[in-house]
Amino acid sequence: MRDWNEVRFVASYSGGKDSVLAIHRAICQGMVLQALIITYNTDLERSWFHGVPPEILAEVEQSVGVPVQLIRTAGADYNANFERALLEQKKLGAQACVFGDIDIEGHLQWGIERCNAAGVEACFPLWKENRESLVRECISCGFVPYITVVDTKRLSADFLGHPITPQVMERIKDAGADVCGENGEYHTFVTDGPIFAQPLPIEFSAPQQHGGYAVQPMHLRK
């Protein structure tokens, strides 16, 4: 098994529960976090997929205590820009990139291809582990993941704005959805936990509907 002790890494950070748990596990293995790399939608001025606004990403940088590198892309140059960011971080000392993927083969291959192109190792601390066990580990470690996006074909918008707890996990299962949301049923944003020096000062505003998704907008607490 690969010994990751003292390996400097960047993390592909989405803000969600799997991302932060992967970072936490990497640090617990002795790896050294150098930076967070975040794909940033230049059309929407928010992070890709989880829709985190820039002012909250700035708070993440301060609380985690490492630089945040935004990968600015409208989509067409997504892969190339990700590889360019990895190359830049490699020049600064990064040897690996950590991803929070669990068991979707296409995601694994995508991360490996980007890392191979940049000449760094791809590391997947959560790979092939039980989905439900990972959610339970995340919250038992002290992370606080709020549900911020739901696919309304699979889950009710009533889940928005709630932190994931054992009780919420049971409600998700009762709804017939994957408890981990690995199939896109929901997305989360983590506001506190072991990798943060202090909780992120965020508030939620009124939910919005975007196509088939209900979204819980976030902003800094006033």
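When the letters of the sequence shown are read in order and numbered with our numbering, they come out as residues 1 to 222.
Beta carbons: idealized from backbone N, C-alpha and C, even for Gly.
*Name the one or two DSSP bridge partners that Tyr40 has.*
Answer by DSSP bridge pairing, in chain order: Ser47, Arg72.
*Element boundaries [alpha helix (DSSP H), containing Met169]*: That run of the alpha helix (DSSP H) goes 166-174.
_Report the start-end ranges of each beta strand (DSSP E) in the stretch 80-113 that is 3 residues or longer and not cut off at the edges._
As far as the stretch 80-113 is concerned, its whole beta strand (DSSP E) runs of at least 3 residues are 96-98.
_First and last residue of the uninterrupted alpha helix (DSSP H) at Gln62_ = Looking at the DSSP string, the run of the alpha helix (DSSP H) that includes Gln62 is 54-64.
*Taking only the alpha-carbon atoms, compute the straight-line gap between Gly16 and Lys90 and give it to the nearest angstrom.*
Rounded to whole angstroms, Gly16 and Lys90 show a C-alpha spacing of 24 Å.
*Nearest neighbour of Asp192, chosen from Glu185, Gly184, Tyr186, Ile202 [CA to CA]*: Comparing Cα-Cα distances from Asp192 to each of Glu185, Gly184, Tyr186, Ile202, the minimum goes to Ile202.
*Which residue's Cα is closest to the Cα of Glu6: Ile104, Ala22, Cys28, Tyr13?*
Between Glu6 and the set Ile104, Ala22, Cys28, Tyr13, the nearest pair of CA atoms involves Cys28.
*Does the pairing of the stretch 32-52 with the stretch 61-74 give three or more beta-carbon distances under 8 Å?*
Contact between the stretch 32-52 and the stretch 61-74 is present: 3 or more CB-CB pairs across the two stretches fall below 8 Å.
_Let me confirm a value: Gln95 is counted as buried when at least 16 other C-beta atoms fall within 10 Å, else exposed. Which label applies?_
Gln95 should be labelled buried.
*Between the C-alpha atoms of Phe82 and Phe9, what's the straight-line distance to the nearest angstrom?*
In this structure, the straight-line span from the alpha carbon of Phe82 to that of Phe9 is close to 15 Å.
*Between Met1 and the ligand SAM, is the CB less than 7 Å from at least one heavy atom?*
What this structure holds is no ligand at all, so the ligand SAM is not there to describe.
*The beta strand (DSSP E) spanning Asp151 covers which residue range?*
Residues 145-151.
*Just tell me which of Ile195, Leu86, Val135 has its CA closest to the CA of Ala117.*
Per the C-alpha coordinates, the member of Ile195, Leu86, Val135 positioned closest to Ala117 is Leu86.
*Applying the criterion that 16 or more other CB atoms from any shown protein chain within 10 Å of the CB defines a buried residue, is Met31 buried or exposed?*
With 16 or more other Cβ atoms within 10 Å, it is buried.
*the stretch 173-185 touching the stretch 193-212, judged by at least three CB pairs closer than 8 Å*: Contact between the stretch 173-185 and the stretch 193-212 is absent, because fewer than three Cβ pairs lie under 8 Å.
*asked:* Which same chain residues end up closer than 8 Å to Leu155 when comparing Cβ atoms and leaving out the 5 residues on each side of it in sequence?
replied: Excluding residues within five positions, the ones whose Cβ falls inside 8 Å are Ile172, Ala175, Ala177, Glu185, Tyr186.
*Please report the residue range of the beta strand (DSSP E) in which Val190 lies.*
Start and end: 186-190.
*Mind reading off the beta-carbon distance from Phe204 to Gly161? Whole number of angstroms is fine, and I expect it under 8 Å.*
With 8 Å as the limit, Phe204 and Gly161 qualify as a contact, their Cβ atoms being about 5 Å apart.
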